[in-house]
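J.: Got a structure here, written out as structure tokens. Questions coming.
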Amino acid sequence: MDIVAESDVGRVRRNNEDALAYDAGRGIAVLADGMGGLDAGEVASRLAVDRIMGLLGEGVAARGADPETLITGAVQAANLDVCNQSRENQVDMGTTVVAWLLTTEGQCFIAHVGDSRAYRLRQGALKRLTSDHSMVQQMIDDGILGEAEALTAPNRNVITRALGLNSKVEVDVRSWVHRPGDLYLLCSDGLTDLIPEPEINQLLAELASDLAAAAKELIGRANEAGGHDNISVLLISP
Ligand code: CA
Numbered sequence: 011m012d013i014v015a016e017s018d019v020g021r022v023r024r025n026n027e028d029a030l031a032y033d034a035g036r037g038i039a040v041l042a043d044g045m046g047g048l049d050a051g052e053v054a055s056r057l058a059v060d061r062i063m064g065l066l067g068e069g070v071a072a073r074g075a076d077p078e079t080l081i082t083g084a085v086q087a088a089n090l091d092v093c094n095q096s097r098e099n100q101v102d103m104g105t106t107v108v109a110w111l112l113t114t115e116g117q118c119f120i121a122h123v124g125d126s127r128a129y130r131l132r133q134g135a136l137k138r139l140t141s142d143h144s145m146v147q148q149m150i151d152d153g154i155l156g157e158a159e160a161l162t163a164p165n166r167n168v169i170t171r172a173l174g175l176n177s178k179v180e181v182d183v184r185s186w187v188h189r190p191g192d193l194y195l196l197c198s199d200g201l202t203d204l205i206p207e208p209e210i211n212q213l214l215a216e217l218a219s220d221l222a223a224a225a226k227e228l229i230g231r232a233n234e235a236g237g238h239d240n241i242s243v244l245l246i247s248p
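Heads up: the sequence shown begins at 11 in my numbering, then just goes up one per residue.
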């Protein structure tokens, strides 16, 4: 399995509040985008990534666990961790998360909360696998806003779901059968806010055989377009 993870602070912010990790041997990867004052965002995203990686790693190693239950439980446990840490430190913090798991049977799972995304490139075509938990996405779903308008909507970074806000969190999980040649992209909104999906599609299709170059190019283009936020990408070629 070939996996590349890259994260960049961008051109405007001083802190990088994104966190990411993967374990190619176990077929797991996690990306989180934290929020909160001072270094709280960094603490929240790192805490969530570490917790989810730990639980998924154990679950995969133990075998037998139902993957959907495993991935949902891991995200919920991370949510409680961030809630507890927030209470202990008396500081508001939260984080998005997108977690990826490929079973040895070839079933792929994505769990997410917030506006970090997962995409799949299959036979040259990019498909978004997650639906943002954001005000803008809600307006699109309600027919109030078009997809094109959403790209520049002033409230596009307002999310409606995150880890750390409430002791209970609803986790969206999706699964499908992995096909040889499928390529996956997990990313934070610092990428998707600045690079239109058709451009991401074209770039990945061109650079599918060189993930390191693809990751570098994605981050470079987001920075060229302003780099107003932290930019993180995880590229997975199972
Ligand atoms: Ca962000």
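In this text, a Cβ means the ideal position worked out from N, Cα and C, and glycines have one as well. Being a predicted model, the structure only gives us computed values, none of them experimental.
Give me the residue from L161, L245, M145, R127 with the minimum Cα distance to S219.
T.: L245
J.: Go ahead and pull the three-state DSSP assignment for D18.
T.: strand
J.: Does the beta-carbon of L112 have 16 or more other beta-carbons within 10 angstroms, so that it is buried, or is it exposed?
T.: buried
J.: Measure the alpha-carbon distance for G134 versus H188 and round it to whole angstroms.
T.: 15 Å
J.: Roughly how many angstroms separate the alpha carbons of T7 and D182, rounded to a whole number?
T.: For the chain, the structure presents residues 11 to 248; residue 7 sits outside this window and is missing.
J.: Ignoring anything shorter than 3 residues or poking outside the segment 129-183, list the beta strand (DSSP E) runs there in chain order.
T.: 135-138
J.: Since I81 is in the alpha helix (DSSP H), which residue starts that stretch and which ends it?
T.: 77-99
J.: Does the distance between the C-beta of D142 and the nearest non-hydrogen atom of ligand 1 fall short of 7 Å?
T.: no
J.: Near A87, what residues of its chain come up, given a Cβ to Cβ distance below 7 Å and the 5 sequence neighbours on each side ignored?
T.: R61, L65
J.: Specify the secondary structure class of I205 as computed by DSSP and reduced to three states.
T.: Three-state result, I205: coil.
J.: Considering only residues of the segment 17-62, which uninterrupted beta strand (DSSP E) runs meet the minimum length of 3 residues and lie entirely inside it, listed in chain order?
T.: 28-33, 38-46
J.: For ligand 1, list every residue whose C-beta falls under 6 Å from any of its heavy atoms, going in chain order.
T.: D43, S198, D199, G200, D239, N240
J.: Kindly list the residues whose CB is nearer than 6 Å to the CB of A223, restricted to its own chain and excluding five residues on each side of it in sequence; keep chain order.
T.: The beta carbon of A223 sits closer than 6 Å to the beta carbons of L217 from its chain, once the five residues preceding and following it are set aside; these are given in chain order.
J.: Residues in the same chain with beta-carbon distance under 7 Å from S96, minus the five sequence neighbours each way, listed in chain order, please.
T.: D102, M103, G174
J.: With distances taken from CA atoms, which of K226, M45, D152 is nearest C93?
T.: M45
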